[in-house]
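*Asks:*
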Amino acid sequence: MKTNEARDVVLHPHLIEMGFVEFVRTAPRGHLFLRPSDDGGEQERVLGPLQGIKNRLAEFARGVVPDKGVAPNHGWRHRFKPIGVRSGIDRRTLDVISGHALEGRTVADGYHGVELEDQAAALAKYPRYKI
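Read in order, the letters of the sequence shown are residues 2 to 132 in the working numbering.
1) Express the C-alpha separation of Pro128 and Pro14 in angstroms, rounding to a whole number.
2) Could you spell out the range, first to last residue, of the alpha helix (DSSP H) harbouring His15?
3) Along the chain, where does the alpha helix (DSSP H) containing Pro50 start, and where does it finish?
4) Measuring only the C-alpha atoms, how far is Asp9 from Leu33?
5) Which residues mark the beginning and the end of the alpha helix (DSSP H) in which Phe34 is found?
6) Work out the CA separation of Val22 and Val97 for me, nearest whole Å.
7) Return the Cβ separation of Thr94 and Val115 in integer angstroms, given the expectation that the two are a contact with Cβ distance under 8 Å.
8) Using the Cα positions of Glu60 and Ala122, report the straight-line distance between them to the nearest angstrom.
9) Is Leu124 buried or exposed, if buried means 16 or more other CB atoms sit within 10 Å of its CB?
10) Roughly how many angstroms lie between the CA atoms of Arg57 and Arg36, to the nearest whole one?
11) How far does the alpha helix (DSSP H) with Asp68 in it reach, from first residue to last?
12) For Pro83, count the other beta carbons within 10 Å of its own beta carbon; 16 or more makes it buried, fewer makes it exposed. Which is it?
13) Work out the CA separation of Pro73 and Gly89 for me, nearest whole Å.
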């Protein structure tokens with residue numbers, strides 16, 4: 002959930018094969034990747050643990066990408082588009098999947114979006130990461 006609004010998100014087939022849907026289905030209600038602390042209001046209870054996760058991910062990524070000029074966590078989102086274009090996914094669909102504002106948006110863009118089925122078909126073109 003972002004900005005307190007739920008939205009549909011397509012999953013890459015590789016995530017589905019790895020069991021992500023089952024992980025979500027069987028997870029306790031609430032946040033998937035962090036456990037809120039017992040102290041403070043809702044925002045404070047989440048921000049502390051979230052910062053810890055962010056720091057651990059950045060430390061991991063920094064071990065893989067030592068260039069200090071690259072923001073390791075934010076870089077994933079920016080990597081998505083060039084790899085997507087190279088994989089044959091049109092920019093409009095990449096914008097919709099990534100939650101970016103549509104480039105060169107016109108009034109006509111408001112009349113139709115990119116259907117979930119089309120987003121899923123496009124995302125299936127995206128290469129898998131070796132894990």
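Ideal Cβ positions, reconstructed from N, Cα and C, are used throughout, including at glycine.
*Replies:* Answer, in terms of the structure:
1) Looking at the two C-alpha atoms, the distance is approximately 10 Å.
2) Pro14 to Glu18
3) Glu43 to Val65
4) 16 Å
5) Run containing Phe34: none; DSSP gives neither H nor E here.
6) 21 Å
7) 5 Å
8) 33 Å
9) buried
10) 15 Å
11) Neither: Asp68 is in no alpha helix (DSSP H) and is coded neither H nor E.
12) Burial state of Pro83 is exposed, judged by a 10 Å Cβ sphere holding fewer than 16 other Cβ atoms.
13) 25 Å
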